[in-house]
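These notes concern the structure reproduced below.
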Amino acid sequence: MSTIRVNHELRQEVWRASAQRHYERASEWTEPYRGRRASGKLHPVYDFLFIYYRFKPSQLEAWHPQFGINLIGASGEPAYQHRYYIHDANGTRLDPNRMEDSARHRLEMALRLCEAVDQRPPQFGCFGMHEWAMVYRGDFEGEIRHAEQLPLRLSQEETDAFVRSRPIACSHFDAFRFFSEPAKAFNRIQPTKETRIRNEQCGCLHTNMDLYKLCGQCMPWLGSELMWQCFELAIEARKLDMRASPYDCRSLGFEPVKVETPAGRSEYEQQQRTLSERSQPIRREIIGGLKRILTAD
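Start counting the sequence shown at -13; every next residue gets the next number (my numbering).
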């Protein structure tokens, strides 16, 4: 018999309304993505979140209560037949006693990373150079990401010269691993998957974007409301990421943040700071939620 604590109860009409509202706002993003995917014309800014993080659109559309919420009248709902839910005379709720070791480990690792990032002071000196390092000497390397859809704003020669002119300080392994091979030596550190806990910090655009990934990996425990906050933050981070990149995104309606100029670097840092500040309460909510789940009786 489960002994989990129930902190809040939602009547059927309340949680159904929440689920419908969540589906409608999510579908504004998922339906266009499905259409673009079917036509083979993906959006290089928006569709990144679906492709890179590999969450199905249906995962964003589905509404789940966070741990500690009891749903009245949901026992027959297909969305809540997942093995983590318990159904009894009191209602439907998430039960940590049903969590397998692999899922618990995933939540523990997400908590460890979020706590490490939260305790580390933010750094704001990268100016989005990771995207530039990814296309460094692209004409020789034989591959420039997004080249079929988006041209470079500068010539390849000018792009390469700018990469060589600036110090690169990328602390995010999943961004660093996409650097072109000649550009990797320019980075002040050489982050690896194993050093992620030690390197990541909340000033990093990709670290904050990854809150969407971490929350998704911890579903359904953290709840769809928090996952939606992470998704919205990730969208804004991705916009800045591409606006500050060497790609010309004006055909998509995005004016460039010209980090190759002092004014552009100042603009980038200001927006980077805003996103970092926005990420902190979200990260702390993830930390608090994971602690409650992992210490539940």
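Idealized CB from N, CA, C, for every residue including glycine.
These numbers were taken from a predicted model, which means no experiment stands behind them.
Where does residue i sit, in a helix, a strand or coil, going by DSSP?
i    : result
Y71  : strand
G62  : coil
P177 : coil
H91  : helix
Y32  : coil
Y254 : helix
L261 : helix
Y233 : strand
From residue i to residue j, what does the alpha carbon distance come to, in whole angstroms?
i    : j     : result
G59  : E(-1) : 9 Å
K244 : R251  : 7 Å
Q277 : A65   : At residue 277 the sequence reads Lys, which differs from the Gln that was named. The straight-line gap from Cα to Cα measures roughly 25 Å.
K42  : W1    : 23 Å
S151 : S25   : 40 Å
R90  : S210  : 19 Å
L28  : C100  : 31 Å
M287 : A223  : This structure cannot speak to residue 287, because the chain is shown only from -13 to 283.
T247 : F113  : 11 Å
Should residue i be flagged as near chain C, meaning a C-beta pair shorter than 8 Å?
i    : result
C216 : This model lacks chain C altogether, as it is built from one protein chain only.
Excluding five sequence neighbours on each side, which residues of the same chain lie with their C-beta closer than 6 Å to the C-beta of residue i?
i    : result
Y198 : C216, F217 and A220
S231 : E117
State the start and end residues of the unbroken alpha helix (DSSP H) segment that holds residue i.
i     : result
G77   : G77 -> not in any alpha helix (DSSP H); beta strand (DSSP E) instead, spanning G77 to L80.
L208  : Unbroken run through L208: none, as it is neither H nor E.
L(-4) : Looking at the DSSP string, L(-4) is not in any alpha helix (DSSP H); the run it does join, the beta strand (DSSP E), is H(-6) to L(-4).
I183  : R182 to N185
V245  : Where V245 is concerned, there is no enclosing alpha helix (DSSP H), given that its DSSP letter is neither H nor E.
K170  : E167 to K170
E144  : Q142 to S151
With a CB to CB cut of under 8 Å and the five nearest residues on each side skipped, what residues in its chain are close to residue i?
i     : result
D104  : C188, Q266, R269, R270 and I273
Q109  : A155, S157, Q187, G189 and C190
N(-7) : G54 and I55
R98   : I183
Considering just the uninterrupted stretch of the beta strand (DSSP E) at residue i, what are its terminal residues?
i   : result
N56 : I55 to L57
On the premise that residue j lies in contact with residue i, defined as a C-beta separation below 8 Å, what is that separation, rounded to the nearest angstrom?
i     : j    : result
L(-4) : L57  : 6 Å
Q52   : L212 : 7 Å
R22   : D33  : 6 Å
A161  : H192 : 5 Å
A119  : A48  : The pair is not a contact, with the Cβ atoms about 37 Å apart (cut-off 8 Å).
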